[in-house]
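Remarks on the structure that follows.
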Amino acid sequence: MAEDYYKILGIDKSASQDEVKKAFHKLAHQHHPDKGGEEKKFKEINEAYQVLSDKEKRAQYDQYGRVFENGQPGGAGFDGSGFNWAWGNGQQAGAEFDMGDIGDVFEQFFGGGFDGGRRSSKKDSRKGKDIQVDIEIDLERTLKESVEKINIGKQVTCQRCTGAGAEPGSKIKECVSCRGLGQVQQVRKTVFGSYTTNVVCPECKGEGTMPEKPCNVCKGEGRIRGQETIEVQIPAGIDANQVIRVDGKGEAGKKGAKGGNLFIRIFIKQHPVFERRGDDLFSQMEISFSQAALGDKIEMKTLEGTNILLEVPSGTESGKVLRISGKGIPHFSNSSWGNPGRGNLYIELKVKTPKKLSKEQKKLLEDLKNLGL
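Note that this note's numbering numbers the sequence shown so that position 284 is 305, with each residue one more than the last.
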């Protein structure tokens, strides 16, 4: 009798169907003849999988140690002939055949093109790539909408051919090799026999068309390496690590195809006075003993540069926080509504302890001390 199928796949008898599939994929990669593996070992692996991946066959194997097909005892009998039949019809004679699993394995072995009889959809490889750019702005710039000019080195549309890839006046013709499909059929031989798959046309590189005379500047690409200055609208209230997307301003596409997108990630410089937390601003201000005890009115400059008057109440303790409504950052989510509203400004008061006192100051403090203050 053949070696234990469970041992061949390296799994327990209690293994789930998903574990069976994973074990098969791993071993098939390792022992495939096209990757230097042994053909006999690969056939044993596939034979074990064809039995253990089928619930009825697996139950029969667990009970009798073998699988009976069409009234005859024997194993899965994978000798290549059954596979050739299944390739064209999606199943194996007298049994269910999981084309999805085999398709996955062959796609990884041979680079795609096998999908159980369905033609793979053509992907547009001409689209330009996306670009990400990081910019740093001052905290003051978040108070209102502004425009940032960014100069980017990237693939830009060729001005001579306007992206067509052909010399001005020459025509774009259909590729004679693939007849405009962008794909050609390729026949490959394996241990299982010959099979046909669709590959990118080497003549037109999958485009389906070719210029009669390629552009002298871009050599038929429709784009060249260059610089472009782009104006970006920076919304009011934008915060660090937020990203602005500008459609179509990434790399130019090949031969007039759609360009990629430009993504601008925002960083905000640290401010020497104000700290941003969400849409609120926080700052600290030192006050003297006498200001804390008696109260006072103090002038302070805001982030936008205007002056406000802070009223320090008498008996203020160090650490007290004053709130000034509407002097924070504009709310980003509503910034397009005309009057989006703003966060608040919070000022933490710190009572300053003098390190050096004059004789007069010391005498006054002694007098206050004697008075119980």
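By construction, the Cβ of each residue, glycine as well, lies at the ideal position given by its N, Cα and C atoms.
Under 9 Å between the Cβ atoms of residue i and residue j?
i, j, result
"Ile319", "Lys348", "no"
"Ala185", "Ile193", "yes"
"Ser339", "Val372", "yes"
"Glu195", "Gly229", "yes"
"His53", "Phe45", "no"
"Arg286", "Cys239", "no"
"Ile171", "Ile289", "no"
"Leu324", "Phe295", "yes"
"Asp300", "Gly364", "yes"
"Ile29", "Ile66", "yes"
"Ala257", "Leu164", "yes"
"Leu386", "Leu378", "yes"
Please name the residue, chosen from the options, that lies closest to residue i on a Cα-to-Cα basis.
i, options, result
"Ala69", "Gly190, Ile289 and Glu24", "Glu24"
"Ser35", "Glu60, Arg79 and His50", "Arg79"
"Gly203", "Leu324, Thr218 and Glu224", "Glu224"
"Asn282", "Gln153, Ile289, Gln207 and Thr337", "Gln153"
"Pro293", "Glu169, Lys322 and Val197", "Lys322"
"Ile265", "Gln81, Phe353, Ser198 and Asp388", "Phe353"
"Glu157", "Glu166, Asn262 and Gln176", "Asn262"
"Ile350", "Lys28, Asp260, Glu242 and Thr211", "Asp260"
"Gly280", "Arg344, Asn237, Lys234 and Thr178", "Thr178"
"Ser368", "Arg298, Ser379 and Val342", "For clarity, residue 368 is Ile in the given sequence; the question names Ser instead. When each option's Cα is compared against that of Ile368, the closest is Val342."
"Ser167", "Gln254, Ile32, Asp388 and Glu59", "Gln254"
"Gln176", "Ala278, Glu60, Glu233 and Leu385", "Ala278"
"Met306", "Tyr216, Thr211, His50 and Leu366", "Leu366"
"Gly190", "Leu73, Tyr216 and Pro235", "Pro235"
"Leu315", "Val221, Lys43, Arg298 and Thr337", "Thr337"
"Gly57", "Thr211, Gln291 and Lys377", "Thr211"
"Lys226", "Arg200, Arg246 and Glu77", "Arg200"
"Asn237", "Val205, Thr183, Leu389 and Glu387", "Thr183"
"Tyr26", "Tyr82, Ser37, Glu77 and Lys42", "Tyr82"
"Lys42", "Gln71, Arg246, Phe284 and Lys61", "Gln71"
"Val221", "Val205, Arg344 and Ser215", "Val205"
"Asp155", "Phe284, Arg162 and Gly326", "Phe284"
With residue i as the anchor, note down where its beta strand (DSSP E) starts and where it stops.
i, result
"Ser404", "The first residue shown for the chain is 22 and the last is 394, placing residue 404 beyond what the model contains."
"Asp155", "Ile152 to Ile158"
"Val72", "Segment Glu60 to Leu73 is the alpha helix (DSSP H) holding Val72; no beta strand (DSSP E) there."
"Gln204", "Gln204 to Thr211"
"Val41", "First-last for Val41: Gln38 to His52, but that is the alpha helix (DSSP H), not the beta strand (DSSP E)."
"Gln176", "Ser167 to Thr178"
"Thr250", "Arg244 to Ile255"
"Asn24", "Note that residue 24 is Glu in the sequence shown here, rather than Asn. Run containing Glu24: none; DSSP gives neither H nor E here."
"Arg266", "Val264 to Val267"
"Leu164", "It is not in any beta strand (DSSP E) - Leu164 carries neither H nor E in the DSSP assignment."
"Arg147", "Run containing Arg147: none; DSSP gives neither H nor E here."
"Ile259", "Counting along the chain, Ile259 falls outside any beta strand (DSSP E), and DSSP gives it neither H nor E."
"Lys371", "Leu366 to Val372"
"Pro232", "Thr230 to Pro232"
"Glu296", "Glu296 to Arg298"
First and last residue of the alpha helix (DSSP H) that includes residue i?
i, result
"Ile32", "Ile32 -> no alpha helix (DSSP H), and no H or E assigned at all."
"Arg79", "Lys76 to Tyr85"
"Lys348", "Careful: Lys348 lies outside any alpha helix (DSSP H) and carries neither H nor E."
"Asn328", "Here Asn328 belongs to no alpha helix (DSSP H); instead the beta strand (DSSP E) covers Asn328 to Val333."
"Leu283", "Taken as a continuous stretch (DSSP letters only), Leu283 belongs to no alpha helix (DSSP H), being part of the beta strand (DSSP E) at Leu283 to Ile289."
"Gln382", "Lys380 to Asn391"
What's the call for residue i, buried or exposed, on a 16-neighbour Cβ count within 10 Å?
i, result
"Arg244", "buried"
"Asp75", "buried"
"Gln21", "For residue 21 there is no data in the structure shown, the boundaries of the chain being 22 and 394."
"Leu160", "buried"
"Lys275", "buried"
"Gln382", "exposed"
"Asp39", "exposed"
"Val208", "exposed"
"Pro334", "exposed"
"Asn219", "buried"
"Val197", "exposed"
"Gly111", "Confidence at Gly111 is low in this model, with a pLDDT of 34, below 50, so its placement is unreliable and no value can be given for it."
"Gln408", "Any question about residue 408 goes unanswered here, given that the chain covers just 22 to 394."
"Tyr85", "exposed"
"Leu73", "buried"
"Arg297", "buried"
"Gln291", "exposed"
"Lys376", "exposed"
"Gly393", "exposed"
"Leu48", "buried"
"Glu60", "exposed"
"Gly326", "exposed"
Is the shortest distance between the beta-carbon of residue i and the beta-carbons of chain B less than 9 Å?
i, result
"Val72", "The chain inventory of the structure shown lacks chain B, comprising one protein chain alone."
Say whether the stretch 257-272 touches the stretch 148-160, bearing in mind that this needs 3 or more beta-carbon pairs closer than 8 Å, one atom from each stretch. Here the stretch 257-272 lies against the stretch 148-160, with 3 or more beta-carbon pairs under 8 Å apart.
Any contact of the stretch 303-310 with the stretch 368-382, i.e. 3+ C-beta pairs under 8 Å? yes
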